[in-house]
Every structure is written in C-alpha cells, then in structure tokens.
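Here the structure is laid out as structure tokens; the discussion comes afterwards.
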Amino acid sequence: MFGMRVRIALAEKGLKYEQREEDLRNKSPLLLETNPVHKKIPVLIHNGKPICESLIIVEYIDEVWKDESPLLPSDPYQRAQARFWADYVDKKVFTLGRMVWRTKGEEQETITKEYLECLKVLEGELGDKSYFGGEKFGFVDVALMPFYIWFYAYETLGNFTWAKRCMEKESVSSSLPDRHQVYEFLLEFKKLNGIE
Amino acid sequence: MEDVKLLGAWPSSFSYRVIWVLKLKGVKYEYVEENLFNKSDLLLRYNPIYKKIPVLVHGGKPIAESIVILEYVEETWPQNPLLPKDPYERAVARFWTKFEEHTSPTFFSFFQSVGEEQERAVKEAKELLRIIEEQGLGEKKFFGGEEIGLADIAFGWIAGWLRTMEEAVGVKLMEDDRFPRLQAWIENFKAVPVIKENLPDHNEMLAYFKQRREMFIGSATS
Chain R
34 MFGMRVRIAL AEKGLKYEQR EEDLRNKSPL LLETNPVHKK IPVLIHNGKP ICESLIIVEY
94 IDEVWKDESP LLPSDPYQRA QARFWADYVD KKVFTLGRMV WRTKGEEQET ITKEYLECLK
154 VLEGELGDKS YFGGEKFGFV DVALMPFYIW FYAYETLGNF TWAKRCMEKE SVSSSLPDRH
214 QVYEFLLEFK KLNGIE
Chain D
73 MEDVKLLGAW PSSFSYRVIW VLKLKGVKYE YVEENLFNKS DLLLRYNPIY KKIPVLVHGG
133 KPIAESIVIL EYVEETWPQN PLLPKDPYER AVARFWTKFE EHTSPTFFSF FQSVGEEQER
193 AVKEAKELLR IIEEQGLGEK KFFGGEEIGL ADIAFGWIAG WLRTMEEAVG VKLMEDDRFP
253 RLQAWIENFK AVPVIKENLP DHNEMLAYFK QRREMFIGSA TS
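Sequence lines, in order, name chains R and D.
Counted from 1, the first sequence has number 123 at position 90 by this note's numbering; the numbering is strictly sequential.
Counted from 1, the second sequence has number 145 at position 73 by this note's numbering; the numbering is strictly sequential.
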C-alpha cells in the first residue's frame, strides 16, 4: 500500500528505477540494513542512500526532481494543508480502514461508521476540485489513492469520481494492483486468520 | 506583516514546540491559552478535525498539527533554518521527527497505565530511547548536527518533560548513566537560550502530572 505511493510519485516524475520485491515474512539483508529502525518497506535507495517512510520519500522525490510535475504546491499555506490532509489519511483512513475488516459484529459496525465519517470529511475537503491538489494531481492524491483499491472490498464507495479520474492517469493505473485481486486477497486473509 | 496567533496549553510539549520555533526565528505572535477541559469556540472553529492545540493562525488562516505547523513556520520565516538544504539530510530529519510521533503511544502508556501493561510500556520505552540515542542522535551534539533542528524540537519533550513524568509515575526510564549521549543532549538542548527561557516550571508541571497520574490510576483500578 505505502509502496504504491512511491511508485506513483516516481511515475509522475517519469523516473526509471529498479524495483525489488520484498518477502515481508522473510526480509532481505538489504531491507534490514537500509531500514534498521522499522524494517519496513517502502525504502527508496538513491545514489546508495536510503530514505524511509512513504510520505517522506514522496516529499524527497518531489524536492529532488522539482521541475517535473510538482506534487506539493508552492504556497506555504497550501503546502501545510496538503501535509495536514496526507497526515489525516495516515492517522485516520489507514488506521480505521485496516480495523474495518479485522473486526466483526458490533465493534466492526462502530468502526465502519467512524471510517465512513472520515471518508465523508475527505469528500468535504475535496469539494468541487478535480483533485485534492486542485486542478493538478498532488501530494494528498498520491497519499490516498492506494487506499482506493480497498474501497471495492469494503463496498463503501460506489460513486467516487475522484478516484476514477486518478485512475485515468497512467502513473496511477500502472502503479496500483487490480482491486478485485485485493478483494480476493482480503477474503483469503480473513479466512486464514479466522475472521469471519 | 500579517498577525500570528498561537493557541496553546501550558502543560503541552506540543505547544512549546511552536513557541520555541517562533522565538528562534524572531516571529512576533499573540499567545492564547486554551483550557483543554473547556475548549473555546475559537479552537473548535480553527481545528474542527482534531479539536486540539497547538493551532497557529497566520493572517486569519489556521494550521493544525504541530509538525505541519513547524514545517509551515520554517518555510514562511526561513531565517535560522531548522532543516538543512540537502534533500537527503531533510529526509533524515523528517524521518526522526516522524519517529518521535511513533513513540508517543508507548510513553502515553507508561504514564497512564499500571501493573503488567505499564511494565511492558517501560520495557518498550527504554528500547525506543535506545534507538533514539544510538541511531537518531549517534555521535552528534544535536539531532540537527552542530545546531538544533526539527528533530531536536520534536524530541524536546524528553528534555523538558520526561524527568517530571518519571517523578510523577515513580519509575525511571533513563536510569543512572544508561543513556549518556541522550543525557548530554538534554543538557545541551536546555542550554540553548530560547529553550532555556521557555520551559514550563518544574513544580507546576510535577503537580499537574501527579494529578493526571492519580486520575489514570483511579480509572485503571476501578
């Protein structure tokens, strides 16, 4: 999920890179060496130096390749808003989203309600804009898009034209797996972990 | 120059982060003390999402979330920079700033829980302090190098609040000389004039923490 954010950002900038798939149940020495603190992906290695944490990586990419398709706006206040909402995606959408399908019964109902509230808040923030970034695809769009593929699995959003618009971008559609695949994956996961 | 207002709360280290940075950059601002048990309409209007302090209001426009605020202040008033120019170094500084956020639940648990849960939190907190000291700080004087930077500000609560928290809870996390480099960093950080002149009063803080601790113990054991 978080790796997808980086892929989208790299694609937006038209960058060539080598991709290494990690087996998260059997982490490679390279991963453990480049992210000793969290031992998590994604890790971007640029000129031999590792950068960790998906949004930090996206910001790094935006700063280094600043002339191509900027993801953060230039105005400090707009940048602050973008950072705030990307952080909101991490704090709320991600945290609640993963609980939605890990819980059941009443607990799941409560969490799902909270989760939908968050999506409503985001929808409010999007307003009439084409993208969260305004006329152009930006930082918050990158932050949120990977979660779109999970929406089908939750059957929560039917009419999300923003997401469809983002999916029309080559950089996005080529970076995200098929959402039906994700649904199948979640069903399997639930079964394996005894969550019915 | 548009006016700057900071909504804060005296016990909060998050509040102080913004105070420190505004003062380091010589930015004039109006401070508004919020009562967190009776939040003002102003706060609820400026931060409807989280309803929390700190909130910076610049020219009537609000910014919430302390790290978002710090990045905004850094960009708007570039003097006495908190972030290096090099993108890689910036990413490292941001990583440690983010790491501090990651440690919050453990330290909250340390402060709020009792019994086994607290024991777990103590163990985890010490491990986190070890990572902060060895991998974050390393051999450097400050997280930012020779001068304080964004990550130092983020970890500032360790310098100004941790000791008092340990006292209120009655458990030491940074025992004796177990964390010599972090200890040295605390002294160096508190010696920076802007920091030295802007720390909460120890006795007031202790009384406040003790009161909160009583409350948490009460609800944990009832």
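Glycine residues also receive a C-beta, built at the ideal position from the N, C-alpha and C atoms.
These numbers come from a predicted model, not from an experiment.
Buried versus exposed call for residue i [16 or more other C-beta atoms within 10 Å across all chains shown]
| i | result |
| --- | --- |
| D/A292 | exposed |
| R/T143 | exposed |
| D/H174 | exposed |
| R/D108 | exposed |
| R/I89 | buried |
| D/A256 | exposed |
| D/M246 | buried |
| R/N68 | buried |
| D/D249 | exposed |
| D/L78 | buried |
| D/G228 | buried |
| D/Q306 | In the structure displayed, chain D extends from 73 to 294; residue 306 of chain D sits before or after that span and is not available. |
| R/R40 | buried |
| R/Y181 | buried |
| R/R53 | exposed |
| R/S204 | buried |
According to DSSP, residues forming a beta bridge with residue i
| i | result |
| --- | --- |
| D/G80 | D/E105 |
| D/A136 | D/V127 |
| R/L77 | R/I84 |
| D/F214 | D/G217 |
| R/G167 | R/Y164 |
Simplified DSSP state of residue i, which is helix, strand or coil
| i | result |
| --- | --- |
| D/F288 | helix |
| R/I84 | strand |
| D/Y122 | coil |
| D/L94 | helix |
| R/G47 | coil |
| D/H274 | helix |
| R/L105 | coil |
| R/L190 | Reliability of the predicted coordinates at R/L190 is poor, the pLDDT of 42 falling under 50, and no value is obtained from them. |
| D/K111 | coil |
| D/Q151 | coil |
| D/Q190 | helix |
| D/M31 | Outside the displayed range of chain D (73 to 294) lies residue 31 of chain D, so it cannot be described from this structure. |
| R/R38 | helix |
| D/V264 | coil |
Quick one, which residues of the segment 97-111 of chain R are near chain D if we go by CB-CB under 7 Å, in chain order?
Cβ contacts with chain D come from V97, P109, Y110.
Would you say the segment 88-105 of chain D touches the segment 268-283 of chain D, given that touching needs at least three Cβ pairs under 8 Å?
Yes, the segment 88-105 of chain D touches the segment 268-283 of chain D.
I want to know whether the segment 148-160 of chain D touches the segment 130-149 of chain R - three or more CB-CB distances under 8 Å.
At 8 Å Cβ cutoff, the stretches do not touch.
Between the segment 106-118 of chain R and the segment 136-156 of chain D, can you find at least three pairs of beta-carbon atoms closer than 8 Å?
Judged by Cβ distances under 8 Å, the segment 136-156 of chain D makes contact with the segment 106-118 of chain R, as three or more pairs qualify.
Sufficient close CB pairs (3 or more, under 8 Å) joining the segment 277-286 of chain D to the segment 237-244 of chain D
Yes: at least three Cβ pairs fall under 8 Å.
Which residues, in order along the segment 186-214 of chain D, keep a beta-carbon less than 7 Å from a beta-carbon of chain R?
Per Cβ criterion, the list reads I203, Q207.
Quick one: which residues of the segment 129-155 of chain D get their C-beta closer than 7 Å to a C-beta of chain R? List them in chain order.
For the segment 129-155 of chain D, which is checked against every Cβ of chain R, the residues closer than 7 Å are K133, I135, A136, E137, V140, E143, Y144, E147, T148.
The segment 161-172 of chain R contacting the segment 195-211 of chain R, beta-carbon criterion three pairs below 8 Å:
By the Cβ criterion, the segment 161-172 of chain R is in contact with the segment 195-211 of chain R, since at least three pairs of Cβ atoms, one from each stretch, lie closer than 8 Å.
Closer than 8 Å, Cβ to any Cβ of chain D: which residues of the segment 142-160 of chain R, in chain order?
Those would be V154, in chain order.
The segment 110-124 of chain D: positions lying closer than 8 Å to chain R by Cβ:
The residues in question are I121.
Compile a chain-ordered list of the residues in the segment 64-76 of chain R whose CB is closer than 9 Å to at least one CB of chain D.
Taking 9 Å as the Cβ-Cβ cut-off against chain D, the residues of the segment 64-76 of chain R that qualify are P69, V70, H71.
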